[in-house]
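The structure appears right after this line, and notes come after that.
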Amino acid sequence: MRVRHGLIPMAAFAALLAGCEEQPAGAPPAYRTPVATATNAFAVELYNTLKAQEGNLFFSPFGIASLVAMVQPGAGGATAAQISDVLHLDALGSGDPHGALRALFKTLRSGGDQGGYEFHMANALWKPKDVTLFPEYLRSTWTQTGAELHEVDFARAADEARRDINRWGEDHSAGRVKKLLPSGMVAGLTGLVLTNAVRFKSDWAAKFNAARTSPAPFTLLDGGKAEALLMAQQARLSYAATEEVQVLQLPYASGEFSMIVLLPRGVGGFPALERRLTAASLAEWLGRLPGLGSRGELPEVVVHLPRFTASASLRLAGTLRALGLADAFSAPPADFSRMAGAKGVFLGDVLHAACVEVHEAGSLVPPAPVAELPKPEGPREPPKDFKADKPFIYLIRDDRSGTILFMGRLVNPKE
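Here the sequence shown stands for residues 7 to 421, numbered as in the working numbering.
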């Protein structure tokens with residue numbers, strides 16, 4: 007799955023892997039913090055722009071937003087305003103908006119250091135030798151966050167620059183992405199290249215029993231069938247349903263993250279679900295989940311979920327232009343006068359690669375056998391049935407802040 011646009015690459019990699027609209031009245035906020043409000047609005051708008059492409063989709067709105075926000079302090083005029091608008095930075099207040107994103111990253115990283123999960127994110131700026139950046143901009147925006155600064159010669163040593171960037175991406179993705187920049191993309195570049203790498207790893211809180219995984223038909227968007235390996239478990243989980251969608255929260259073992267699956271009602275309900283998806287509707291659906299939005303005892307749920315791996319390489323310049331970030335990708339009118347004295351500095355592209363594995367034990371970890379849920383004595387309510395044997399939307403979020411870290415859709419388990 008590839009999208010191609012643009013001129014100068016700005017690369018964001020995420021490996022696993024709100025909004026400005028009013029939240030539903032009377033429910034605890036599903037978007038708990040200003041960072042969640044901004045990032046989740048951006049996530050939904052990005053999803054709704056990318057959904058026109060065919061096939062599966064996966065990306066990290068938090069990784070992309072964190073990266074693009076780092077160039078906002080170096081921008082001026084309309085360029086700075088457009089970055090703020092697209093990323094919804096006004097939701098973060100009038101102080102240091104990109105600082106709020108940095109603070110969340112530090113929280114995510116420090117929690118991983120204490121055990122229970124792994125969260126790794128790295129940023130780097132690749133600067134052509136003939137471009138001088140202001141020391142204060144580098145100090146306040148890049149050095150302060152532990153980001154790397156590299157000097158490369160795109161004009162005379164394009165292949166070497168590409169190899170260096172690809173080696174960086176491979177190192178920070180634990181070897182999962184070999185080519186952030188394909189051959190022929192670097193030659194003759196005069197602008198900046200920005201790279202971001204994110205990876206996440208955790209067990210499920212309630213692991214699936216690998217012995218119960220079995221092949222089953224998965225209904226595709228065109229009504230055809232593909233074979234999927236459906237994992238199975240029965241457990242008490244946060245579950246909600248409306249006439250149009252079933253919503254299931256699968257917590258990770260740390261208790262700080264979860265995968266949330268949005269499964270449409272009916273075999274042909276996925277296009278309608280995508281049309282209905284907004285920051286407000288997502289907040290409404292999440293707000294119905296017991297323990298997340300509404301109150302109530304967790305129901306018993308019989309879950310069938312495909313074991314799948316999703317990967318994508320997306321070039322996002324055209325997508326970001328469509329969202330309103332127009333000036334940054336052309337010189338003129340790009341205004342990055344607060345990061346560099348030279349005129350003509352602009353961004354040509356955002357390259358984003360992402361991947362996720364979902365299997366019995368969790369994300370990016372080997373499967374392990376688990377005990378079945380004990381059967382309670384006496385009468386009980388029949389368990390809810392959640393069978394994801396058709397296209398669905400999913401997201402991985404930080405439940406402490408409410409921020410969507412990763413978002414995607416599975417429409418074909420064989421891709």
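Virtual Cβ for every residue (Gly too), placed ideally from N, Cα, C.
If you compare alpha carbons, which of Val204, Leu200, Val192 is closest to Gly181?
-> Val204
Which same chain residues, not among the five before or five after Val92, have their C-beta less than 6 Å away from its C-beta?
-> Leu329, Gly330, Leu331
Looking only at its own chain, which residues have a Cβ that is under 7 Å from the Cβ of Gly61, when we skip the five neighbours before and after it?
-> Met7, Val417, Asn418, Glu421
Exposed or buried, Pro79, counting other C-beta atoms within 10 Å across all chains shown (16 or more means buried)?
-> buried
Anticipated Cβ contact below 8 Å, Gly82 with Asp341, distance rounded = 4 Å
Just the Cα atoms here: how many angstroms apart are Lys231 and Gly190?
-> 38 Å
C-beta contact flag for Glu366 and Ala216 at 8 Å = yes
Closest by C-alpha distance to Trp174, when choosing among Pro312, Asp391, Ala346, Leu200 = Among Pro312, Asp391, Ala346, Leu200, the Cα nearest to that of Trp174 is on Leu200.
Span separating the alpha-carbon of Leu226 from that of Val251 = If you take the alpha carbons of Leu226 and Val251, they lie about 17 Å apart.
Does the beta-carbon of Pro103 have 16 or more other beta-carbons within 10 angstroms, so that it is buried, or is it exposed?
-> Pro103 sits buried, since 16 or more C-beta atoms from the chains shown fall within 10 Å of its C-beta.
From Leu131 to Gly152, what distance separates their C-alpha atoms?
-> 11 Å
From Phe140, Asn54, Ser72, pick the residue whose C-alpha is nearest to that of Val351; which is it?
-> It is Phe140 whose Cα lies nearest to the Cα of Val351.
Is Leu52 helix, strand or coil when you go by DSSP?
-> Three-state DSSP puts Leu52 in a helix.
Expected contact under 8 Å - CB spacing of Ala222 and Asp395 to nearest Å | Rounded, the Cβ-Cβ distance is 6 Å, consistent with contact.
Limits of the unbroken alpha helix (DSSP H) element including Leu279 = 276–282
Helix, strand or coil for Thr201, going by three-state DSSP, please let me know.
-> strand
Would you check if there are 3 or more beta carbon pairs closer than 8 Å linking the stretch 255–262 to the stretch 275–283?
-> No, the stretch 255–262 is not in contact with the stretch 275–283.
Return the first residue and the last residue of the beta strand (DSSP E) that His358 is part of.
-> Per DSSP, His358 belongs to the beta strand (DSSP E) from 357–364.
C-alpha distance - Gly347 paired with Leu269, whole-angstrom precision | Gly347 and Leu269: Cα-Cα distance of roughly 51 Å.
Can you give me the Cβ contacts of Thr85 inside the same chain, cut-off strictly under 8 Å, excluding the 5 residues immediately before and after it?
-> Closer than 8 Å at Cβ, skipping near neighbours: Asp333, Ala334, Pro339, Ala340, Asp341, Phe342.
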